[in-house]
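Structure record follows, encoded as structure tokens.
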Amino acid sequence: MKYGVCGILGNVRRIYVERKKGFDLEANRLFEQCVTLLGIKELKHVRIFNRYDIQGLSDSIYAVAKYGIFAEIQTDNVFEENLENTQEGYIFAYEYLPGQYDQRADSTEQCIQLISHLRPIVKTAKIIWLYGNIDEKAINTIKQYIINPVECRLADMRKPEDLTEYFSVPENVDTVRGFINADDNATREMRKKSGFAMSNEDLLFVKEYFKSIDRDPTVTELKVIDTYWSDHCRHTTFNTVLTDISIEKDKSNETCEYAFQKYKDIRKELYKDKEKDLCLMDIATIGAKYLKSKGLLDDMEVSKENNACSIMVEAPINDGLEKWLVMFKNETHNHPTEIEPFGGAATCLGGAIRDPLSGRSYVYQAMRVTGAGNPFTKIEDTLSGKLPQIKIVREAANGYSSYGNQVGLATGFVDEVYHEGYVAKRMEIGAVIAAAPLKNIRRCDPISGDLIILIGGRTGRDGLGGATGSSKTHTEESLGTCGAEVQKGNPP
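According to this note's numbering, the sequence shown holds residues 7 to 498 in order.
In structure tokens form, the structure reads like this:
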């Protein structure tokens, strides 16, 4: 990838882009929310600008990019270097936290690279301009409503002299010295300090394993185990053994009682005298096991990778019938959507899309089922350390549709359930159906000497620790430390 030589192609340029009147839907929407949701009646008008700082761009390419990439002459106003009359009203800027993926900046760099064959450095920020006789309390309320500290921060209004970022090169992976000989209390203290999602019992089990092979683990080994043993990957909650189950006596629960009794009857028939834990995972999967035992699932694909359901069908095509694999995949992103609604919901659908896509399938249809608290709850009644329900609901909807629209995926069913039970933790489920000709799909086992090639766009540090992050018990304090754990979707 070529980057422009910034010393040769000049210093940092700055450009502000604002939607013209009639096209300024985002600004009008924010104004309406500030007045109706936040109750700031003194606010008279809102303007929003996208700010671009660009380094490594020649004059000739900038002239083409000004209204070819940064703005459209029919719909946008462009201000170069400075905004006018900034003494009027109140202005602030916000930007992504360092390392968070910024799709606007990345897309801008790529577009400029297409026309210049050199890739500049682009940094973006959002400028909010508030008009009206509003006090400091109202301004802070608006900032808190707009800026989610998990992903964003206030930005400096001054233009930087250099946009180059410098990152320290990580040294060799450390070995956790003395791990296998540490006593149990020291091991528990280490778990606390390292922020592991695995339980004390898990870490003690790991210690016993490394003790048996007589060596201390590396930091990487512990992190990988922590990821694969997280609730997100291993579904520890669903595998929790249920010993005391009671169903309240209620007319509407008769169906529930009947279903549970049916489940217990099937368990007896399937497992006979075998010891089998009663857990949510078994309840969820026993139906398929039962149908299979009766020979009623002869069209189900069986593979070593038990990740999603795939069935074999005879698909009518131009020349007759052809064997196809139809895949069903769903993804839950409850915790990521709770703390960062747009990115969490975007990659909820994105994760469901990418799995069948990696199996050479085309994704045809999607479904979204979500659960939220009352979106009309007053902002001041929001639980401490939480985002307002209206912000979660709206931004999650935008994130989900953004990813789907960029891929070109139709979502045929959307249902949002509003219930007080979802105030503490949102529910965000995306599901897709995909298919591919069987001849296009190959299943192989990895062997020594195989090469792994990673293909895709550049992203930030976001997403790191996502599986373990969503498996931890969260508090007000943890909200500010888990920003990197939520992926930023990059559909293209």
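Using N, Cα and C, we set each Cβ at its ideal position, and we do this for glycine too.
Please classify residue i: does DSSP put it in a helix, a strand, or coil?
i, result
"alanine 294", "helix"
"aspartate 189", "coil"
"valine 399", "helix"
"glycine 427", "helix"
"leucine 15", "In this prediction, leucine 15 scores a pLDDT of 47, lower than 50, which makes its location untrustworthy; no coordinate-derived value is stated."
"threonine 243", "coil"
"threonine 500", "This structure cannot speak to residue 500, because the chain is shown only from 7 to 498."
"threonine 181", "strand"
"methionine 196", "helix"
"threonine 170", "coil"
"tyrosine 73", "helix"
"methionine 306", "strand"
"tyrosine 368", "strand"
"proline 497", "coil"
"threonine 224", "strand"
"phenylalanine 37", "helix"
"leucine 284", "coil"
"proline 381", "coil"
"arginine 164", "coil"
"cysteine 450", "coil"
"tyrosine 277", "helix"
State the beta-bridge partners of residue i as determined by DSSP.
i, result
"tryptophan 330", "Val319 and Pro443"
"valine 420", "Arg374"
"leucine 136", "Val52 and Tyr96"
"asparagine 83", "Glu24"
"lysine 129", "Asp59"
"isoleucine 435", "Thr338 and Val375"
"cysteine 158", "Tyr102"
Rounding to the nearest angstrom, what Cα-Cα distance links residue i and residue j in this structure?
i, j, result
"asparagine 336", "isoleucine 359", "9 Å"
"threonine 181", "glycine 201", "17 Å"
"methionine 204", "leucine 228", "10 Å"
"tyrosine 428", "threonine 242", "21 Å"
"serine 218", "tyrosine 151", "53 Å"
"lysine 27", "serine 367", "44 Å"
"isoleucine 323", "leucine 44", "56 Å"
"valine 399", "glutamate 177", "42 Å"
"valine 18", "glutamate 87", "10 Å"
"lysine 47", "tyrosine 137", "12 Å"
"leucine 124", "alanine 294", "54 Å"
"proline 347", "threonine 353", "10 Å"
"proline 155", "alanine 161", "12 Å"
"leucine 103", "alanine 351", "19 Å"
"tyrosine 370", "glutamine 109", "25 Å"
"alanine 99", "glycine 418", "37 Å"
"asparagine 83", "tyrosine 96", "20 Å"
"valine 438", "aspartate 361", "10 Å"
"glutamate 422", "leucine 63", "46 Å"
"glutamine 119", "arginine 20", "18 Å"
"glycine 436", "glutamine 267", "30 Å"
"aspartate 190", "leucine 169", "48 Å"
"lysine 329", "leucine 303", "16 Å"
"arginine 432", "leucine 393", "11 Å"
"methionine 306", "histidine 339", "27 Å"
"glutamate 254", "proline 381", "30 Å"
"lysine 280", "aspartate 208", "26 Å"
"alanine 430", "glutamate 90", "45 Å"
On the criterion of 16 or more Cβ atoms from any shown chain inside 10 Å, does residue i qualify as buried, or is it exposed?
i, result
"glutamine 61", "buried"
"threonine 233", "buried"
"histidine 425", "exposed"
"arginine 221", "exposed"
"asparagine 56", "buried"
"tyrosine 172", "exposed"
"glutamate 401", "buried"
"lysine 199", "exposed"
"valine 23", "buried"
"valine 11", "The predicted position of valine 11 is uncertain, since its pLDDT is 40 and thus under 50; a value taken from the coordinates is nonetheless stated next. Exposed, since its Cβ has fewer than 16 Cβ neighbours within 10 Å."
"methionine 333", "buried"
"histidine 341", "buried"
"glycine 410", "buried"
"threonine 246", "exposed"
"lysine 494", "buried"
"threonine 92", "exposed"
"threonine 249", "exposed"
"proline 223", "buried"
Which whole-angstrom value describes the C-beta separation of residue i and residue j, a residue pair presumed to lie in contact below a C-beta threshold of 8 Å?
i, j, result
"aspartate 59", "lysine 132", "About 13 Å; that fails the 8 Å criterion."
"lysine 32", "glutamine 106", "Looking at the sequence provided, one finds glutamate at residue 32 rather than lysine. Not a contact, Cβ separation roughly 20 Å."
"cysteine 531", "isoleucine 54", "The first residue shown for the chain is 7 and the last is 498, placing residue 531 beyond what the model contains."
"isoleucine 186", "lysine 213", "6 Å"
"serine 309", "arginine 449", "6 Å"
"leucine 276", "tyrosine 296", "6 Å"
Is any non-hydrogen atom of the ligand ATP found closer than 7 Å to the C-beta of residue i, if you look at the structure I gave you?
i, result
"glutamate 214", "Looking at this structure, you won't find the ligand ATP or any other ligand, since it has none at all."
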